[in-house]
Structure formats: C-alpha cells, structure tokens
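S.K.:
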Amino acid sequence: MNLPVIQTQSGSADDSASSDRRHLLNLSLAELQQWLVDHGEPKFRGKQIFGWVYEKRVSQFDQMSDLPKKLREKLDQEFIVFGAREAAVQTSRDGTDKLLVRLADGGEVECVLLRGGNRRSICVSSQVGCAMGCVFCASGLDGVDRNLTRGEIIEQMLRLQARLDDGERLSHIVMMGMGEPLANLEQVLGALEIAKSADGLGISPRRITISTVGLPPAIDRLAKNGVPYNLAVSLHAPNEELRNQLVPVNHKIGINAVLAAADRYFESSGRRLTFEYVLLGGVNDAAEHARELAGILKSRNVLLNVIPYNPVEGLPYHTPSRHSIADFRQILESAGVNVMFRQRKGDEIDAACGQLRRNRATQPEA
Ligand code: SAH
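Quick note, my numbering runs 880 ahead of the 1-based positions in the sequence shown.
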C-alpha cells in the first residue's frame, strides 16, 4: 500500500463476537422506544440508551449506569451493540486510521478516519464487495457478496468515532468506501438518518456525501427523500466510449442519463454537485480528455474532484506523471471549471478502499 503504515494490528481482542442477539444499531430511536414500551419500560429510556451509544461511545449495556440493572440485563439478553470485530487497524503519520471490519458472518469491509485541519472525516462502506465492476478499483474485483445493514454501516461510523481523542469531533461523513451506496439505498438512508439526527451522531446533511457510480433511478429516489445530502458522481471519462470501458455499468445507462440525473438532483437539493475523476496514466488523462471534460462541466455548477490513481496490485493502471497531471489541471482551470486535485495521503487510502481487504486475503491469518 502507498500508506506509510506505522502500526498494524491484527485480530485485536475485541468486545464483541457473533451472536444470535439482535444488532441494536439496526434500530431507529422510534423502533427502540417501541421495543421498550412493549417490554413494560418507559419510552424515555430510548433517548438515554441512544445517548450512551452515540454520544458517550459506550458499547456495553452494564456501563449504562443510569439504567436500572434489570433493564440492562434485559437489553443484554436481546441485543448486541457492536456485531462486528476489528480484524486489522492501520494508522499513518498523517493522522489517517484505516479499519478492516469483520462482520458477524465473516464478510469484511474497510472504513477510514481522516484528519485534516479541524476536519475529522470518515469514509464508510455500504456493501461487501461491489457489483459495478469499475476496471481500476480493488473493491469490485470479486464482485459483490451482499448489502450491509443499516446497523453495520453505523457500526463503522461508531468504531471510527471511538478513535477520536477528547477534543476531536467528527465533522464529515462520506459514503465512499467499498460498494455502491445507491445499490443499497434503503439501508444507507437508514444509517444516514441516524448520522444526521441530534439523537444520533448529529452531523448535518451538508457534511454528508454519497458517492455513486451514477444510477439514475436511485439518484431520483435520493432526491425524493428530500434530505440535502451532497452527491458525488464518479464520472471518470468524458465520453461514452471511454466510460463504457472504465465503468462497465455505463453500457446500460449512458453518460447523458447520468448527467441528466445529476442535474435533477442539483435542482431539487440545491447542493452543488461533485464529479469524481480518477486519473489513469495513458488512459483518460490526455489533453483532449481534459478539453472534452471541460465542455461537459463548464456550464454546470459543479466541483470536479480529480483523484490521481492509487495503484492496485495486479491491475495494469498507473498514476499519471506530475507533468500530465499539471497539464490536465491547467486545461480545466483555464476553461473555468472548479477543480480540486486530491493529493494528501489520507485521501489516497480513502480512494483505494478495498486494498486492505484484498492484501490480507492473500496472507495467512495472524
Ligand atoms: N461506488 C461508489 C463509491 C465507492 S468508490 C462510486 O463509484 O462513487 C469512491 C471513489 O474512489 C470512486 O470515485 C472510485 O472510482 C474511486 N476509486 C476506486 N478505486 C480507486 C483507486 N485505486 N485509486 C483512486 N480512486 C479510486
């Protein structure tokens, strides 16, 4: 990996294990309150429990000291707060922590905490694997196993939040880990509902971004949901032919349908769109590609996020030279496109979700 790893832990002792108890994080506050009422408990205990889990970062019921002991026992019989385990942790000098989370059924996903200035951003997965098949990406090399549940998505957020020191506050969430969030929209929206709720993580939707390969019907459903999350669309190519090559799912959709759906999302949400463009040396980084891309984007109110490729072992792609990255940038900037180039280390591993899982899958268990 590119990340300068200063510490890797494997299979650390953890406070959870697979169990037949229900995953508490799958419950909304209303559902938990209903469970409490059904079990003869007052509804207000729901907010207390949410406070312990989401604010005080407590994952053991016996530590929830303002709950009656009987209720703590009842909860412990029925529920588990964390259903997964941390199979590996990588920390880098630039303040980036990457977790490989092993789910109750053995599936693995990655998630990342990034520190930059006052920002504390987390990058979270939505599926085990991915079905989209983008040819340069590690996450989809073996296809998709399954969707994550709402609770499994939230658990990644809580595990990353728990790594923050006192005085650090989680500020941003990006659904840019493994998987295609819009192929698992219901569970993703359920998780984000808790992420944005004052009773949950309290992160404003303006600080939450959903990244998609561009699935128009699901983009429209997201717009209809009415919460103004930021939308990032992974474009990666300025024309149909090249996009078909790099993002195979594009064959069935077409670049114009993706752009039209993105435009509709902008109109209904009012949130400026982001387009992502992974720069692959000798593939989509020519001056002509930059000009074509500028032609598509300059009339739109968008931010173009250019991500120099983070190489994946076994794949034939490489990061462009500094020189061609600079040329690409210059063409877009002089056409008036709002461009951001990702360069920081944390962003590199963020973009390369899927690699830790992959690298470990080829190594013997520690
Ligand atoms: N499925 C969603 C979200 C997951 S990937 C999507 O397609 O947007 C998040 C971003 O990282 C996408 O833009 C993806 O194309 C990019 N990415 C994947 N592998 C990468 C790599 N090896 N180097 C750089 N960016 C990569």
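For every residue, glycine included, the Cβ atom is placed at its ideal position computed from N, Cα and C.
No experiment lies behind these values; they were computed from the predicted model shown.
Got a sec, what are the start and stop residues for the beta strand (DSSP E) S1001 sits in?
M.R.: Within the sequence shown, numbered from 1, the residue matching residue 1001 stands at position 121. Where S1001 is concerned, the enclosing beta strand (DSSP E) stretches over 999-1003.
S.K.: By DSSP, does M1037 sit in helix, in strand, or in coil?
M.R.: For the purposes of this step, residue 1037 is taken as residue 157 along the sequence shown, with counting starting at 1. Helix, per DSSP.
S.K.: Could you give the C-beta distance for G1057 and V1129, rounded to a whole number, given that I count them as a contact under 8 Å?
M.R.: As a first step, residue 1057 is located in the sequence shown; it is residue number 177 there, counting from the start. As a first step, residue 1129 is located in the sequence shown; it is residue number 249 there, counting from the start. At roughly 18 Å, the Cβ-Cβ gap does not stay under 8 Å, so G1057 and V1129 are not in contact.
S.K.: I believe L1212 touches A1170 by the beta-carbon criterion, under 8 Å. Please report the beta-carbon distance rounded to the nearest angstrom.
M.R.: As a working mapping, residue 1212 is identified with position 332 in the sequence shown. As a working mapping, residue 1170 is identified with position 290 in the sequence shown. With 8 Å as the limit, L1212 and A1170 qualify as a contact, their Cβ atoms being about 6 Å apart.
S.K.: Roughly how many whole angstroms lie between the Cα atoms of P1097 and L1065?
M.R.: Here the question's residue 1097 lines up with position 217 in the sequence shown. Here the question's residue 1065 lines up with position 185 in the sequence shown. Their Cα atoms are separated by approximately 11 Å.
S.K.: In chain order, what residues of the same chain lie with their CB nearer than 6 Å to the CB of L1173, ignoring the 5 residues before and after it?
M.R.: The residue labelled residue 1173 in the question sits at position 293 within the sequence shown. Here the set comprises P1118.
S.K.: May I ask you to report which of helix, strand or coil DSSP gives R1224?
M.R.: Along the sequence shown, one-based indexing puts residue 1224 at 344. Confidence is the limiting factor: at R1224 the pLDDT is only 48, short of 50, which leaves the residue's position unreliable, though a coordinate-based value still follows. Coil at R1224, not helix or strand.
S.K.: Using the Cα positions of R1237 and N1027, report the straight-line distance between them to the nearest angstrom.
M.R.: Position 357 of the sequence shown, counted from the start, is the residue given in the question as residue 1237. Position 147 of the sequence shown, counted from the start, is the residue given in the question as residue 1027. One C-alpha to the other measures close to 16 Å.
S.K.: Less than 7 Å between the beta carbons of F1155 and L1115, yes or no?
M.R.: Taking the first residue of the sequence shown as position 1, residue 1155 is located at position 275. Taking the first residue of the sequence shown as position 1, residue 1115 is located at position 235. Going by C-beta atoms, F1155 is nearer than 7 Å to L1115.
S.K.: Tell me the residue span of the beta strand (DSSP E) that contains I1176.
M.R.: If you number the sequence shown from 1, residue 1176 lands on position 296. It is not in any beta strand (DSSP E) - I1176 instead sits in the alpha helix (DSSP H) that spans 1167-1177.
S.K.: Output the residue ranges of the beta strand (DSSP E) runs that lie fully inside the segment 1045-1081 and measure 3 residues or longer, sorted by chain position.
M.R.: Entirely contained in the segment 1045-1081, the beta strand (DSSP E) runs reaching 3 residues are, in chain order, 1052-1055.
S.K.: How would you call Q1067, buried or exposed, if buried means at least 16 neighbouring beta carbons within 10 angstroms?
M.R.: Position 187 of the sequence shown, counted from the first residue, corresponds to residue 1067. Per the 10 Å Cβ criterion, buried.
S.K.: Taking all protein chains shown into account, decide if N1185 is buried (16 or more other Cβ within 10 angstroms of its Cβ) or exposed.
M.R.: Along the sequence shown, read from residue 1 onward, the residue named residue 1185 stands at position 305. Buried: at least 16 other Cβ atoms inside 10 Å.
S.K.: So, is A893 buried or exposed, given that buried needs 16 or more other C-beta atoms within 10 angstroms?
M.R.: In the sequence shown, residue 893 corresponds to position 13, counting from 1. Note on A893: pLDDT 41, under 50, position unreliable in the model; no value is reported.
S.K.: So the candidates are L994, P1108, L1111; which of them puts its Cα closest to the Cα of D974?
M.R.: Working through the sequence shown from its first residue, we reach residue 974 at position 94. Ranking the options by Cα distance to D974, first place goes to L994.
S.K.: What number of angstroms, rounded off, separates the C-alpha of R952 from the C-alpha of L1177?
M.R.: The sequence position of residue 952 within the sequence shown is 72, counting from 1. The sequence position of residue 1177 within the sequence shown is 297, counting from 1. Whole-angstrom Cα-Cα distance: 55 Å.
S.K.: Give every residue of the same chain whose Cβ lies closer than 8 Å to the Cβ of M1220, excluding the five residues on either side of it in the sequence, and list them in chain order.
M.R.: Residue mapping note: residue 1220 aligns to position 340 of the sequence shown, counting from 1. Correct list, in chain order: L1183, L1184, N1185, V1186.
S.K.: Could you check if N835 belongs to the surroundings of ligand 1, using beta carbon to heavy atom distance under 6 Å?
M.R.: Outside the shown range of the chain (881 to 1246) lies residue 835, about which nothing can therefore be said.
S.K.: Does the Cβ-Cβ distance between L909 and G926 come in under 7 Å?
M.R.: The sequence position of residue 909 within the sequence shown is 29, counting from 1. The sequence position of residue 926 within the sequence shown is 46, counting from 1. Contact: yes.
S.K.: So G1009 and G997 are supposed to be a Cβ contact under 8 Å. How far apart are they, rounded?
M.R.: Within the sequence shown, residue 1009 is the residue found at index 129, counting from 1. Within the sequence shown, residue 997 is the residue found at index 117, counting from 1. That pair is no contact at about 33 Å.
S.K.: The beta strand (DSSP E) that contains R1144, what's its start and end?
M.R.: As a first step, residue 1144 must be located in the sequence shown, where it is residue number 264. Element bounds for R1144: not the beta strand (DSSP E) but the alpha helix (DSSP H), 1135-1149.
S.K.: In the DSSP assignment, find the alpha helix (DSSP H) that holds E854 and state where it starts and stops.
M.R.: It is not possible to answer for residue 854, since the shown part of the chain is limited to 881 through 1246.
S.K.: Which residues in the same chain have their Cβ closer than 7 Å to the Cβ of L1195, if we skip the five residues on either side of it in sequence?
M.R.: Here residue 1195 corresponds to residue number 315 of the sequence shown, with the count starting at 1. Answer for L1195: F1016, listed in chain order.
S.K.: Would the beta-carbon of S1091 fall within 7 Å of that of M1037?
M.R.: As a working mapping, residue 1091 is identified with position 211 in the sequence shown. As a working mapping, residue 1037 is identified with position 157 in the sequence shown. No, Cβ-Cβ distance for S1091 and M1037 is not below 7 Å.
S.K.: From the beta carbon of G1161, is the nearest beta carbon of chain D less than 7 Å away?
M.R.: Among the protein chains of the structure shown there is no chain D, as only one such chain exists.
S.K.: Any chance you could list the beta strand (DSSP E) runs of at least 3 consecutive residues sitting entirely within the segment 956-981, in chain order?
M.R.: The qualifying runs are 965-972.
S.K.: How about M944: is its Cβ closer than 6 Å to a heavy atom in ligand 1?
M.R.: Residue numbering aside, residue 944 sits at position 64 when the sequence shown is read from its first letter. No, since every heavy atom of ligand 1 falls outside the 6 Å radius drawn around the Cβ of M944.
S.K.: Please give the ranges of any alpha helix (DSSP H) in the segment 1093-1120, keeping only runs that are unbroken, at least 4 residues long and fully inside the region.
M.R.: Listed in chain order, the complete alpha helix (DSSP H) runs (minimum 4 residues) inside the segment 1093-1120 are 1096-1105.
S.K.: So the candidates are V933, A1063, G963, G1134; which of them puts its Cα closest to the Cα of E988?
M.R.: Position 108 of the sequence shown, counted from the first residue, corresponds to residue 988. Nearest of V933, A1063, G963, G1134 to E988, Cα basis: G963.
S.K.: Under 6 Å from any heavy atom of ligand 1, does the C-beta of I1002 make it?
M.R.: Stepping through the sequence shown from its first residue, residue 1002 is reached at position 122. No.
S.K.: Cutting at 7 Å between CB atoms, please list the residues of its own chain near L955, excluding the five before and the five after it.
M.R.: Numbered from 1 along the sequence shown, position 75 holds the residue referred to as residue 955. For L955, where only same-chain residues beyond five positions count, the Cβ hits under 7 Å are F941.
S.K.: Considering V917, what are the terminal residues of the alpha helix (DSSP H) in which it resides?
M.R.: Locating residue 917 in the sequence shown gives position 37, where the first residue counts as 1. Taken as a continuous stretch (DSSP letters only), the alpha helix (DSSP H) holding V917 covers 909-918.
S.K.: Taking 6 Å as the limit between beta carbons, can you name the residues of its chain near N1110, skipping five residues before and five after?
M.R.: Your numbering for residue 1110 matches position 230 in the sequence shown. T1089, R1151, listed in sequence order.
S.K.: What residues match up with G1009 in a beta bridge as DSSP calls it?
M.R.: Mapped onto the sequence shown, residue 1009 falls at position 129. DSSP output for G1009 lists V1024 as bridge partner(s).
S.K.: Less than 7 Å separating the beta-carbons of I1133 and A1071?
M.R.: Along the sequence shown, read from residue 1 onward, the residue named residue 1133 stands at position 253. Along the sequence shown, read from residue 1 onward, the residue named residue 1071 stands at position 191. No, Cβ-Cβ distance for I1133 and A1071 is not below 7 Å.
S.K.: Do A1042 and R937 count as a contact pair if the criterion is CB distance below 7 Å?
M.R.: Position 57 of the sequence shown, counted from the first residue, corresponds to residue 937. Position 162 of the sequence shown, counted from the first residue, corresponds to residue 1042. A contact, by the Cβ cut-off of 7 Å.
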